[in-house]
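Trainee:
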Amino acid sequence: MPKIKVIVVKQNDREHLQARWIDPQTGRKRYKTTGETNERKALKFAAKLEEKLESETYSPDSGVTWEEFRERFRDGHLSSIAQSTSYKYEVILDGFGDMIKIRALSSIDTAKINKYASSLRKRGCAEATIKGYLSYIRAALNWACDMGMIQKVPKIIMPKRAKNSKYMKGRPITNEEFERILLQVDHVIDQDHVSDWEFFLKGLWWSGLRLGEALILSWHTGPFAVVELEDRYFFLISSDAEKGSQDRLLATAPEFDEMLREVKNKNGRVFNPMTNRSKGVLPRIDVTGRLIKKISIKANVIADPEKGTYATAHDFRRSFGERWAQLILPQQLMELMRHSDIKTTLNYYVGKNAKSTSDALWKAINQSKGLQKGLQTEVDMIRDKHLK
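Position 241 (the sequence shown) corresponds to 241 in UniProt numbering; numbering is contiguous.
#1: Verify whether the separation of the beta carbon atoms of Ile100 and Tyr87 is less than 8 Å.
#2: Residues in the same chain with beta-carbon distance under 8 Å from Ile22, minus the five sequence neighbours each way, listed in chain order, please.
#3: Considering only the beta carbon of each residue, do Arg121 and Ile130 sit closer than 8 Å?
#4: In terms of DSSP beta bridges, what is Phe200 paired with?
#5: Where Ser118 and Gly132 are concerned, what is the direct C-alpha to C-alpha distance, given to the nearest angstrom?
#6: Leaving out the 5 sequence neighbours to the left and right, which residues in its chain are closer than 6 Å to Ser218 when beta-carbon positions are compared?
#7: By DSSP, does Asp304 sit in helix, in strand, or in coil?
#8: Between Ala214 and Gly222, how many whole angstroms is the CB-CB distance? I'm expecting something under 8 Å.
#9: Name, in chain order, the residues that DSSP records as bridge partners for Trp21.
#10: Check this for me: beta carbons of Ile113 and Ile137, under 8 Å apart or not?
#11: With respect to 7 Å, is the separation between the Cβ of Lys32 and the closest non-hydrogen atom of the ligand ATP below this value?
#12: I need the DSSP call for Ile81, collapsed to helix, strand or coil.
#13: Measuring only between beta-carbons, confirm whether Ser84 sits less than 8 Å from chain D.
#14: Assuming Thr110 and Pro154 are in contact, meaning their beta carbons sit under 8 Å apart, how far apart are those beta carbons, in whole angstroms?
#15: Taking the continuous alpha helix (DSSP H) assigned at Glu335, which residues delimit it?
#16: Counting Cβ pairs, one atom from each stretch, are 3 or more of them under 8 Å apart for the stretch 176 to 194 and the stretch 323 to 331?
#17: By DSSP's criteria, Val226 is part of a beta bridge. Which residues make up the other side?
#18: Rounded to a whole number of angstroms, what is the C-alpha to C-alpha distance between Phe200 and Leu105?
#19: Drop a sphere of 10 angstroms on the beta-carbon of Ile342, count the other beta-carbons inside from all chains shown, and report buried for 16 or more, exposed for fewer.
#20: Asn142: which of Ala47, Ile297 and Phe73 sits nearest, CA to CA?
#21: For the beta strand (DSSP E) that contains Val6, what are its first and last residues?
#22: Identify which residue in Ile173, Glu90, Thr252 and Glu68 has its Cα closest to the Cα of Ala313.
#23: If you run the structure through DSSP and keep just helix, strand and coil, what is Ala311?
#24: Who are the Cβ neighbours of Lys264 in its own chain at under 7 Å, not counting the five residues just before and after it?
#25: By DSSP, does Thr65 sit in helix, in strand, or in coil?
#26: Which of the three DSSP states is assigned to residue 389 in this structure?
#27: Gln11 by DSSP, collapsed to three states: which one?
#28: At what residues does the alpha helix (DSSP H) containing Ala47 begin and finish?
#29: Tell me whether the beta-carbon of Asp94 lies closer than 8 Å to the beta-carbon of Arg210.
#30: Identify whether Arg70 lies in helix, strand or coil by the three-state DSSP scheme.
#31: Look up Tyr58 in the DSSP assignment and say whether it is helix, strand or coil.
#32: Could you please give me the residues that DSSP links to Arg290 through a beta bridge?
#33: Pick from Gly212, Val227, Met334 and Glu67: whose alpha carbon is nearest that of Ser84?
#34: So Leu250 is in the beta strand (DSSP E); what residue range does that whole segment cover?
#35: Short of 6 Å in beta carbon distance, which residues of its chain neighbour Tyr58, apart from the five on each side in sequence? Order them along the chain.
#36: Excluding the 5 residues preceding and the 5 following Gly97 in the sequence, name in chain order all residues of the same chain whose CB lies nearer than 8 Å to its CB.
This is the structure:
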């Protein structure tokens, strides 16, 4: 980046001479009064201002564009971490750049980051989701600062969960609502890709996969794959795709196993939710997510009545977890949902199963009373018989 050059100019409507320079972030002219009418004194002021702008305001690499940063971050950091984490960085930074319209990396400040968080809220994102996205952005900016691309990382205000707020957001969608969603696929998706999208949505419904996981899921090999062992399908997550740097073999739900067995061509990606506009390239995760939401809008499936938000891929996963929470132990559910901590499993389902638990308790007590009543009747009959 060329050094900032401050010059002295005379403006007809100003008493004092003005210092002028080009802002490297915006490309616009900037002015500051020297407070002097004497040219020599004004030039001294300009020299000091130039030094200040260079040393305090701009770093030597402050001219790094957003695109240049993304390329250097990709080569210098993302190439060395788990593929799934790298993919998430790419998606979040894509969305951040699109929303904020960043030109220069050094132009990112607290106000822009707050604007981004506000935009996410307007789209219906939960506070936990926003906090997660901001954590990735902060980590990326920390790396840029370490590399000397920016002098300091702007303050990022993290969302906090309000007191007494619930972990449970929205609700799981029902089987009937899911069927309605499937019926609306051809109203949103191009006809050539309807069957692939129906298979994709059914896969999300029966597998409990996160959207990003489903989009990279492949047959047999890859960072996140399905493999067949002893007549059952399992998820095989390679060490390259895991923070723990070790391969993991995880069970799939029986319904998803049955889906996979119906597929004839078991090569490449398991799911291919393409569109005509994607031209043979799998759409980005955010684009795919918006298309799912459009289908839900057509089907009028509202997942969160309080906010009026429509069902998303995450609600499919929520419904999957809700179904299996009734049938297996929390530790097994944690593994099935691929949570890293049992607390996530427990917190996410806090209050979810209160009604079903209550029903089970009442059923058990009624059966117990019925059994006790039956035993007492039998005892009375035996006693009466002996008395006679």
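For each residue, glycine too, the CB sits at the ideal point set by N, CA and C.
Mentor: Put simply:
#1: no
#2: Ile4, Lys5, Arg28, Lys29 and Arg30
#3: yes
#4: Paired residues: none, contrary to the question.
#5: 14 Å
#6: Ala225 and Arg269
#7: strand
#8: Contact flag wrong, Cβ pair sits at about 13 Å.
#9: Arg30
#10: yes
#11: The ligand ATP is absent from the structure shown, which contains no ligand whatsoever.
#12: coil
#13: This model lacks chain D altogether; it includes just one protein chain.
#14: 5 Å
#15: Pro330 to Met337
#16: no
#17: Trp219 and Phe235
#18: 37 Å
#19: exposed
#20: Phe73
#21: No beta strand (DSSP E) holds Val6; DSSP gives it neither H nor E.
#22: Ile173
#23: coil
#24: none
#25: strand
#26: Summary: the structure shown does not reach residue 389, with the chain confined to residues 1 through 388, and so no result is reported for it.
#27: coil
#28: Glu39 to Lys52
#29: no
#30: helix
#31: In this prediction, Tyr58 has a pLDDT of 49, which is less than 50 and means its spatial position is unreliable; what the coordinates show is noted afterwards. Tyr58 falls in the coil class under three-state DSSP.
#32: None, per the DSSP bridge assignment.
#33: Gly212
#34: Arg248 to Ala251
#35: Model confidence at Tyr58 stands at a pLDDT of 49, short of 50, so the residue's coordinates are unreliable; what they give is reported in the following sentence. No residues qualify anywhere along the chain.
#36: Trp66 and Arg70
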